[in-house]
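Read in UniProt numbering, the sequence shown has 929 at position 929, and its numbers run on one by one without any break.
For reference, the structure is listed below as structure tokens.
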Amino acid sequence: MADPRPSKRLRTGRGLLRSFHQDWIPVEDDEADDFVHAREGSLQRKGNHLRMSVMPRVAERTSDTDPWLSATFWPTPDSTEFALDQDCDMYDQAVEADIMEEVVPAKPKKRKKASKVSARPHVVWKEKYRQIFLDEMLRWSGRGDFQYADKCPDCLARSSSNPGLPEYRCSECLVSDLTCGSCCVRRHRQHPFHRIEKWNGQKFTSVSLKSLGLKIQLNHSGSFCENPIPAQSNMLILHTNGIHEVALSYCGCTRAIPHNIQLLRRQLYPASHIRIRTCATFQLLNSLHKFALTTKASTYDFYRALEKLTNNTGMDVPKSRYKPLCRMILQWRHLKMLKWGGRGNDTTGVEGTKTGELALRCPSCPHPGINLPENWQNVSEEYKYLFLMIICMDANFRLKNQVVSNYSQDPGLGIGWAYLLPRHEYESYVLSRASDEDISTCVGFQALAKANTKFSVGLRYTGVGAAVYANMDFIFGSVLQYVMVLLVLISYDVACQWFTNLLARIEGHWPESIKPRSTITLIPAIPKLHEPMHQQQNHQVYSLNFIKGVGLSDCECPERVWAPHNALSNSTKTQGPGSRHDVLDDHFHFWNWLKYIGLGRTLLRRYKAAVAQRNLQQEGHRGLTASLDTAVVAKWEKMCEKWDAEPFPKKSQNPYCSKDTYLSEAKVRKELADEEERRIKAGGVSVHETPAAVFVQMGLELEETQRRLRRLDKTITAKISTTLGDKSTLTEERNNFRVRRKAWEKLLPIYMPGILQYKADFAKEDPQTSVSSNKAEDVTIWLPSLIPQSRRPHICYDGLAEVEERLREAQCTDSLRKLRRILRVKSRMIHFKNKNVRGQREGTRSRSVIDRVHLKARNAADRYRACREAKLALSGPGKWEENFRVLDNSDIRGYQDPDRLRPKVGRKGTLEDGQAPGVTADNAEQDFELFNEVRTRRDGTGETRRTLSWIWTTSSADGEGDKDEILRVEWAKSRARAARAAEEVMLLKEEMRRVLEYLGWKAMWWRERLDSRGGLDKALTEGVKAFATGQADLQLQLASHFRALWKSPLEDSESDRKTIFESCAEMTAQPDTVNHDEGEGVDDGSDKGSDSEDEGIDREDHDEEQPDDEDEDDEGEDFW
């Protein structure tokens, strides 16, 4: 009988770990039997899996008076630990109660202390097992368990009449028993590359199977051929365990085939094709290939390891086969790419390979005719960003190439077939633009500052471009030939310069073969990590935080590609030009393959994070909007929509930028001078030829000189050895200060007539102040801010305090502005140093320059603190403190998140047992960190997750309502964050759908090539079919695996797709409103087998973007 639905459920939600329940079962009508049958079960949840285990029925003795006998079923007792159903009375009582009963959470389960074995495995091994392991290793140096064998076990097993002496063993076989020489050869007919050792009575010595008589016969399954042809006597075969001398015979009978083919059919790769003296096993080449791809180690290092495996003493080393190995592994790389690219299954063969055809395409990118719906061009403007292609460009100056060899000797095996461009077209265009100079108008990035320097002397290539100017123009134009969508976002770290005259360069001198289609709309952007290093004025148009439709893309994927591939620079720098191209293509291909198979978990991880971020940002923006006036929000919303809809370059009012209404110190001085002039012209009396404003300015300059003298004194004192020149410089500076101070003090009785009496009274109240220092920097500069407010009107000239207050406010503004500028320069210098500077000398020189910039930041901070303290004394607490806050050391940072600042704790695990960590006292004068960010994995760098220091977000004007520009900017940024987070969710669901569509298409693509080649022998035909079938099944397996991971997002994506294309159908049903010219010239699938340079390198951030509205009236507007 089925259990009735319980009226209560355990209030634990997803946190349920374990609970008990009792089944409701009928009691048999047998009063004589005082037993109640019951059973208990347990539920255990692990992740998303729920497991129930039921215990066997047990009989419980009951009495006649037990109330259970009179009941028909037994519910669990009422408990606050159980949630209530909404249709019961107890639920209503709980809802109507004034105060809900607080449930005391259960005590967390104590974490089991890690054992010594898991916490300190080496300590345990050293104490208990080290000697044992050493003894076992030494045991293998002898005969071990087989030291008492006096006859060959294999001979005895065959009942040989004359068993041999057991003195040979194999160090590669699992059971290393001893046999005679002939039995050892018989055992290793199928393992000719095992290592053999001979026991000479005292120790083992290495011998070869060749010396024991083993011969390898090719082209026969057995070891007999009627007409064997001996190979070269010095034939060497490279295997994973070393270099082997072998006796090898070719087949010369009626079944004979070319010698190189005979070797290949035994999985031996020949290094040459006429007089073959070196071969490598397929196992070695495959292992070397995978090791090189994963470790980025060079072939030289691998060959050195093979030599050490063969003989680690340096004596009797085989003749070097390093160069033949380089040839073989390079050919192996190329053949693997051809095989994976399906060229062996194509009717045109290898020679029919087209440009870029071997590149691995990104499944999540939009490919018309493959993973896009038929009417994708006609979707409404609201959803066009779902079908946008992002191209991320960058250059790598580490992957240089010296002038070694030439293209005639080393032409390369497949230049232009994968990720790097064909040589002739590229070089001819770059040479034609050799007179171009990249002029920097924004930031001196390495792309502009390092391309024409002494570092390029003697180099054929200064780096690899993932999309100057002439180089990048050709790469970018070549990429666009494989992009069939209408909207393209171009991300480049110097896009603000490169993109400015792009249209003129396209029309002026781009070759016709790379010119983009007129229907493409281009949108420039700067990667998020590089954006803070640019000047902020008018750069919001390039910011990914404010470009509609890009989601949370950071467009830093080239940097993620360069980071692991920089290790190739040492090995590829000295390679020939063609070999270098092939090696880089192979490594980029492997990087793409890792991305290809990892899309399942990558997109799922990003989707979970994006959903949480969307909810957070939308709720935050909703709360901010609710606190504002509706009319003001509507006005700002209209401004943002107009700015979003306008194509590049945008000319409407920027909602993300506010006008700087603060007055600088120079402007305040000019205003004060003008006011003094107007006062005198109006009949005012001038008490002195030096105006009051100039008097205050002179005092402020003396304060600044005192701060400079303190820094100079501190610097000289900190030196280990002080020179006479240092002391004389400080003395001269102090003397100059005293002369200026005396001139200024002559004006004190005029503008502060009561200062002498105040100083005398002040000295009586605090006698310690009368003891003055001999240093000029310690002398008090008496300004109104040092006088108490109650006595200020009796001491100072009328209006003098107001003059200082205005100047102090201007000083605070200038100090913050200077501090921000210095920090921006410092961040740029640190980024350049980390990425480009190598070596102790260059690093020390670069660090010294950064130290000087850092010192300027400290000076600006000290000036701001002194000025703010003076303004506080003059103005008192007020609303101005919202803009000029207390400046802590933790606030003096660039664009880092405060959660990422370096903690003041040491590295874990560095303290010895019984040692306590040192305690550092808080020091208010402690300097802020020069490099104050932890170099760890980041959760993100975008505006969405960043919390800036207040010095970057401080207000620049007081205002209310729609006149408060700072509030408008913050609201607009909040709106952008919420929009980007929502777009990210939509984009990820669309990418998941596109990935599955692409994998299905790729499986069909492979199945179409099962029987594409005709006229082949049966063995080759079977191999071609087997490989194509395996690749097709692999695509389907990946699709099935991804679909299982993305079950929930895909269900949402289906409903989103219906919404998107329902609006598309409505637009199609109204032909009068459709712009038929917009889609002309678009070929949905004219180049389905091609790939873009960007897709081939990386798609770490494959997010899309909403286009700006196009203006068909302007012929060149389509590009923007």
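Positions of the beta carbon are idealized from the N, C-alpha and C atoms, including for glycine.
Buried or exposed by the 16-neighbour rule on C-beta atoms within 10 Å, applied to residue i
i            : result
S79          : Because the pLDDT at S79 is just 49, under 50, the model does not fix this residue reliably, and the value given afterwards should be weighed accordingly. By the neighbour-count rule (16 or more Cβ atoms within 10 Å), S79 is not buried but exposed.
residue 1123 : Since the first residue shown for the chain is 1 and the last is 1120, residue 1123 is missing from the structure and cannot be characterised.
R792         : buried
Y429         : buried
I1031        : It should be noted that the sequence gives Gln, not Ile, for residue 1031. By the 10 Å Cβ count, Q1031 comes out buried.
R343         : buried
H122         : exposed
L502         : buried
Q653         : exposed
I329         : buried
F884         : buried
L480         : buried
N345         : buried
residue 1122 : Nothing about residue 1122 can be read from this structure; the chain reaches only from 1 to 1120.
M752         : buried
M337         : buried
A610         : buried
A1003        : buried
Where residue i sits in the DSSP three-state scheme
i     : result
P577  : helix
C184  : helix
C796  : coil
C152  : coil
S298  : coil
M829  : helix
Y426  : helix
S1053 : helix
V36   : Only weak support is given to the placement of V36: the predicted model assigns it a pLDDT of 41, under 50, and the value that follows is read from those uncertain coordinates. Three-state result, V36: strand.
Y864  : helix
S141  : coil
S543  : strand
Q497  : helix
N736  : helix
Q617  : helix
Q147  : coil
I526  : strand
Q706  : helix
Beta bridge counterpart(s) of residue i as assigned by DSSP
i    : result
H239 : G242
E197 : R169 and S206
L487 : L388 and T521
S249 : Q217 and P230
L268 : T281
Y656 : DSSP, once it has assigned bridges, lists no residue as partnering Y656.
Y492 : M393
Contacting residues, own chain, Cβ-Cβ under 7 angstroms from residue i (five flanking each side not counted)
i    : result
A860 : S815, K818, L819 and I822
V246 : P192, K210, I216, M235 and I237
S176 : R169 and C170
V803 : L672, A692, A693 and V696
S287 : T240
G620 : S974
Cut-off 8 angstroms between Cβ atoms - residues of its own chain near residue i, not counting five sequence neighbours on either side
i     : result
H794  : G754
A32   : Per-residue confidence for A32 stands at a pLDDT of 42, beneath the threshold of 50, marking its modelled position as unreliable; no derived number is given.
G1015 : none
K116  : V123 and V124
K339  : F1027
Contacting residues, own chain, Cβ-Cβ under 6 angstroms from residue i (five flanking each side not counted)
i    : result
Q706 : E777
H239 : F193, T281 and L284
R863 : S815
T213 : It should be noted that the sequence gives Gly, not Thr, for residue 213. If we look at G213 and ignore the five residues flanking it on each side, its Cβ neighbours are V185.
Please give me, in chain order, every unbroken run of the alpha helix (DSSP H) with length at least 4 that falls completely inside the stretch 952–1026. 965–1007
Just list the beta strand (DSSP E) runs in the stretch 310–367, keeping only unbroken ones of 3 residues or longer that don't cross its boundaries, in chain order. none
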